[in-house]
Every structure is written in C-alpha cells, then in structure tokens.
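Engineer: Protein chains in written order, with the numbering used here: chain A, 1 to 296; chain B, 1001 to 1113. Glycine included, C-beta positions come from ideal geometry on N, C-alpha and C. This structure is a prediction, so every number in the text was calculated from the model and none was measured. There's a structure below that I have some questions on.
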C-alpha cells in the first residue's frame, strides 16, 4: 500500500478536483482520505454515503458549576476571549467563544470551574460511487481542523487500506503549511504539489515545498491553469527544475473544472473523452510509475 | 550508545513508524547493556497541536544519542534537537526495527542534520 498526498500551499489551485479524479480512475483499489477538514467537500464529488460514523473529541472548554460559583467575577476579569458573561447573578461560559486556555480554571478561588473535553466533530467511513471507501470528517460549529483530527482520519484510511489490501491511499490535504498539513504529510510515499500560474500560486508552492523538504519527501508537481500567465509559469518551471521536482502535468485553464464541480462529479467522470480527462488519466499513470520507481 | 527507534510495536520484528511527533511507540536500544526498552507515546495522540516539541522533550529525556525514524522531525522539533548532542537518521519508514538498525550500522541511512 502506497500513500499519495495532494497539497498546494494555496487554496483553489484545483487540488480536490484532481485528487477526486485520481481516486475515480483508481476505483476500488484506492482508499480516499479527505484531510481538508475545515472545508471538506470531496465527499460531494465522490458520492459518499456517511454510513459509518464515530465521534471525534478535541480541545477543552470551561464549564462553571452554578452551585459552587459565588459570582466573584475573577474569571470574567481574566478571560481574554470575552467568553464569560454575567447574566442575572450567574456567570456563564459561551462555548463558542471559549478557547480552552485554562486561565479561568486557574484563577477561580472556589474551584467552581472544570475543563470539559469537547466533541469537535464526526469521523466517517463512507462507501463511494466508484466502489471502494473514503475516510473523512465533519467539524462542529466553531471547531477547527487540527493535526490530531487529520492523524485520526489518516489512520482510519490506512487501516482500511491494509485490511482490504488496497494499492493506494489518496489523501487530499488542506491549504497552508500549518499543523494539519504537516500531519497530512506524515508517512506519505509521494507528494503531489498542485500549483497555478499566479503570484500567490508560486509563492505558496515555495513555502509548502520547503515543508516537504524538511520531511525528506519525494515530490512531483502539477501546474494548473498554466496559460493564465506564461511569465509566472516559466518562473515555476525554473524553480522546480532547480529543486529537481518533476512536472507531471501542465493543465490549461478550463471551465470543465467548474462545470464538473457544479454537478458534483470528478472531471474524469463528467467528460471522460475530453482532452483534459485524457491528460489527467495520463498524469495519474505517470504518478504511479514514479511511486513504483521510488519503491525499488 | 542509546538508540531510539520510532515504531509501531515493541519487538525487533515490529514495523517502524515513519512519523516522529506522532510516533506510536519508542523502542530504546542500549548497545552497551544490550537491552530493549519500550515507551508508548500515548500523550501526543490526545494533543491537537504542537506534538513535535513535546515528543522531542520526551526523546531527549530518554537519553537518546541517536534517533532513527522515517520522514524525520519538523522545523520546531529540529530547532531543539540541533541544540543537543543527538543525531537523527531518516529513511527507515518502510523497514522493521531490526532492518533499520542494520541499515544504520551499515551507514545506509541519511542523517537529517
């Protein structure tokens, strides 16, 4: 079992459209893993059925016991997040505003405050339309994605892939370079960097590439919308050449991306015979070839 | 020499865990005493953020001279590790602990810093 992680640094480069297409091509031989939990949307493209749910706990919030609270107001004074309000002689914590920093818990002279672990969301194992399964998650209100949640989704996907003897785990990462991205990279066999011909596309590609270098991960790159700005595309190619990162595809700006999204289909399902779909199919073949060479 | 492996189990046959921060288990091999000790890295599983520095603190606390792992440590953990006299070897993510030890002995693993 080999794990491919698709990341981009910048959001909106076509990362999810491409990873959904790769998953669709690979069919039942891949377990799909959506680690972009802040804006999970891959389940829409792959027709996930949410049939196996489990709770996910993360972070803490403070809770005031009204029996023990004397309304001294010390917690109210120290809270940096304005999460504590005074209502009709009682103090109440607003769970949406509370960041779980423990400050009130530390200062309360009457031990009326306890820290309670929060349910942050749900983790799902779903059947998807091309056969096979996907692991994904849904966050609750005001909950944030974290390295912990990504690690959980990934371990579910990997366990499933090992149990059912699948060839691939295809992971859709989140934008940025923070904790969830680091967690989505851990243990990857190959990283697919998706960038676009814009100033921020190049800038964020460099940042996220630095991150993959720290972890000694093998990378390949897809330049999407390369025809938007030829000057920047050349800069991207120069950078990749210098860093010895192979470019596995250059895709033109194509409205098929949005048309396919609008009816919730991966591009290769929406219009299999188009030139774009054929390029994506060839790209996935190239990626698989590189993984096989790496394994030797 | 004390060697710490990031692993998914407790024996020489166990698979290595390619992750450093969220590694499941640490196996500590004391070359002089020829003893193998297990430390489960369970605390980090409950942590949302910042596992790198916490794991580093733990591993250095175990008295590691050499750390053998898969992908290596992230930026923050590296900063700390560099200031101590410990060496980190990477590229052993797909091996068993025994294979990783042999590869280290044969100088086949890459030094992360």
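Please list, in chain order, the residues of the segment 1005 to 1026 of chain B that have any C-beta partner in chain A closer than 7 Å.
Structural biologist: Listed by position, the residues of the segment 1005 to 1026 of chain B near chain A (Cβ gap below 7 Å) are 1018, 1019 and 1022.
Engineer: Using the three-state DSSP reduction, which class does residue 1052 of chain B fall into: helix, strand or coil?
Structural biologist: Helix.
Engineer: Compile a chain-ordered list of the residues in the segment 214 to 228 of chain A whose CB is closer than 7 Å to at least one CB of chain B.
Structural biologist: Those residues of the segment 214 to 228 of chain A that come within reach of chain B (Cβ to Cβ, closer than 7 Å) are 214, 215, 216 and 217.
Engineer: Give the residues from the segment 53 to 65 of chain A that approach chain B closer than 7 Å (Cβ to any Cβ), ordered along the chain.
Structural biologist: So the list reads 58 and 59, given in the order they occur along the chain.
Engineer: Measure the C-alpha to C-alpha separation of residue 230 of chain A and residue 222 of chain A and round it to an integer number of angstroms.
Structural biologist: Taking the straight line from one Cα to the other gives about 15 Å.
Engineer: Distance check for residue 289 of chain A and residue 218 of chain A, CA to CA, integer angstroms please.
Structural biologist: Cα-Cα distance, rounded: 13 Å.
Engineer: Going by the DSSP bridge assignment, what does residue 1111 of chain B pair with across the sheet?
Structural biologist: Its beta-bridge partners are B:1089.
Engineer: By Cβ distance, which residues of its chain are closer than 8 Å to residue 291 of chain A, with the 5 residues on each side in sequence left out?
Structural biologist: If we look at residue 291 of chain A and ignore the five residues flanking it on each side, its Cβ neighbours are 2, 4, 189 and 190.
Engineer: Tell me whether residue 150 of chain A is buried or exposed, calling it buried when 16 or more other Cβ atoms sit within 10 Å of its Cβ.
Structural biologist: Buried is the call here.
Engineer: Alpha carbon to alpha carbon, how far is residue 192 of chain A from residue 1023 of chain B? Give it in angstroms, no decimals.
Structural biologist: Whole-angstrom Cα-Cα distance: 24 Å.
Engineer: Within the 9 Å Cβ cut-off, does residue 1063 of chain B reach chain E?
Structural biologist: Absent from the structure: chain E. Protein chains present are A and B.
Engineer: Comparing the C-beta of residue 1046 of chain B with each C-beta of chain A, is any distance below 9 Å?
Structural biologist: Closer than 9 Å: yes.
Engineer: Which complete alpha helix (DSSP H) runs does the segment 91 to 141 of chain A hold, if anything under 4 residues is left out?
Structural biologist: Correct list: 103 to 107.
Engineer: With residue 204 of chain A as the anchor, note down where its alpha helix (DSSP H) starts and where it stops.
Structural biologist: Per DSSP, residue 204 of chain A belongs to the alpha helix (DSSP H) from 199 to 214.
Engineer: When the Cα atoms are used, what is the spatial distance from residue 1090 of chain B to residue 1072 of chain B?
Structural biologist: Approximately 6 Å, taken between the alpha carbons.
Engineer: Determine the chain A residues that contact residue 1071 of chain B at a beta-carbon separation under 9 Å, and present them in chain order.
Structural biologist: The answer, in chain order, is 185, 186, 187, 188, 214, 215, 216 and 217.
Engineer: Measuring CB atoms only, is the segment 160 to 175 of chain A touching the segment 32 to 39 of chain A, in the sense that at least three cross pairs come out at less than 8 Å?
Structural biologist: Verdict: yes, contact present.
Engineer: Among A:201, A:247, A:249 and A:274, whose alpha-carbon lies nearest the alpha-carbon of residue 260 of chain A?
Structural biologist: Comparing Cα-Cα distances from residue 260 of chain A to each of A:201, A:247, A:249 and A:274, the minimum goes to A:274.
Engineer: So, with DSSP's three-state summary, where would you put residue 1047 of chain B?
Structural biologist: In this structure, residue 1047 of chain B counts as coil in the three-state DSSP scheme.
Engineer: Residue 1054 of chain B touches chain A at which residues, Cβ-Cβ below 8 Å?
Structural biologist: Result: empty, since nearest Cβ-Cβ is about 12 Å, beyond 8 Å.
Engineer: Just to check my reading of the structure: residue 1113 of chain B and residue 1078 of chain B have Cβ atoms closer than 8 Å, yes? What is that Cβ distance to the nearest angstrom?
Structural biologist: The Cβ separation is near 6 Å, so the contact holds.
Engineer: Tell me which residues share the same chain as residue 1053 of chain B and place their Cβ nearer than 8 Å to its Cβ, disregarding the 5 neighbours each side in the sequence.
Structural biologist: Contacts found: 1076, 1077 and 1080.
Engineer: Closer than 7 Å, Cβ to Cβ, to anything on chain B: give me those residues from the segment 139 to 169 of chain A, in chain order.
Structural biologist: Cβ contacts with chain B come from 146, 147, 148 and 151.
Engineer: Let me make sure I understand the geometry here. Which of A:200, A:103 and A:280 has the alpha-carbon closest to that of residue 81 of chain A?
Structural biologist: Minimum Cα distance to residue 81 of chain A is reached at A:103.
Engineer: Just to confirm my understanding: we take residue 78 of chain A, look at its own chain, exclude 5 residues before and 5 after, and list those with CB closer than 8 Å. What are they?
Structural biologist: The residues are 103, 104 and 107.
Engineer: Could I get the ranges of all uninterrupted alpha helix (DSSP H) runs contained in the segment 243 to 274 of chain A, with 4 residues as the minimum, in chain order?
Structural biologist: Those alpha helix (DSSP H) runs which fall completely within the segment 243 to 274 of chain A and span 4+ residues are 256 to 262 and 267 to 270.
Engineer: When we look at the beta-carbon of residue 1095 of chain B and count the other beta-carbons within 10 Å, is it buried (16 or more) or exposed?
Structural biologist: Under this definition residue 1095 of chain B is a buried residue.
Engineer: Near residue 1014 of chain B, what residues of its chain come up, given a Cβ to Cβ distance below 7 Å and the 5 sequence neighbours on each side ignored?
Structural biologist: Cβ within range, chain order: 1007, 1008, 1096 and 1097.
Engineer: Given a cut-off of 9 Å on the beta-carbon distance, is the pair residue 1017 of chain B and residue 147 of chain A in contact?
Structural biologist: No, they are not a contact pair.
Engineer: Spell out whether any CB of chain B is found under 9 Å from the CB atom of residue 205 of chain A.
Structural biologist: Answer no: the Cβ-Cβ gap between residue 205 of chain A and chain B never drops below 9 Å.
Engineer: Whose C-beta lies closer than 8 Å to the C-beta of residue 153 of chain A among residues of the same chain, with five residues either side of it excluded?
Structural biologist: Excluding residues within five positions, the ones whose Cβ falls inside 8 Å are 33, 34, 35, 37, 123, 135, 136 and 137.
Engineer: So, with DSSP's three-state summary, where would you put residue 1098 of chain B?
Structural biologist: Residue 1098 of chain B: helix per DSSP, three-state reduction.
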